[in-house]
Amino acid sequence: MNQNLPINDKHHHLESIVKLVLKTVVPIFILIGGIALLTLRIAGWSIIFGLPMVVIGVVFLIYTYDEIVSSSLGDDTN
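Positions 22 to 99 (my numbering) are the ones given, in order, by the sequence shown.
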């Protein structure tokens, strides 16, 4: 049984890394997409879609950063 424990820990660690990467990449792409739409200056559409995408991307980045910091601080205090 002890031999299976490191494999499960590695799998759990890799799974958390993949989740962390996805949580950070998605808001960055939303933010970059919103900025790209704003710079294209398509009449109406850049403001309708670009501005909310920038705001949503920034909010998700702040939320993700807060989650990363709180989880890393939570691991250190235990």
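Where a beta carbon is used, it is the ideal one built from N, C-alpha and C, also for glycine.
If you draw a straight line from the C-alpha of residue i to the C-alpha of residue j, how long is it?
{"i": "Met-22", "j": "Leu-72", "result": "Unreliable placement is indicated for Met-22, whose pLDDT of 46 sits below 50; no coordinate value is reported for it."}
{"i": "Thr-60", "j": "Trp-66", "result": "11 Å"}
{"i": "Ile-53", "j": "Ile-83", "result": "15 Å"}
{"i": "Lys-40", "j": "Val-90", "result": "15 Å"}
{"i": "Phe-50", "j": "Ile-68", "result": "17 Å"}
{"i": "Leu-35", "j": "Ala-64", "result": "44 Å"}
{"i": "Val-46", "j": "Arg-62", "result": "25 Å"}
{"i": "Gly-95", "j": "Lys-44", "result": "19 Å"}
So residue i packs on residue j, CB below 8 Å; how close in whole Å?
{"i": "Ile-56", "j": "Val-80", "result": "15 Å between Cβ atoms; not a contact."}
Helix, strand or coil: which one does DSSP assign to residue i?
{"i": "Gly-102", "result": "Nothing about residue 102 can be read from this structure; the chain reaches only from 22 to 99."}
{"i": "Ala-64", "result": "coil"}
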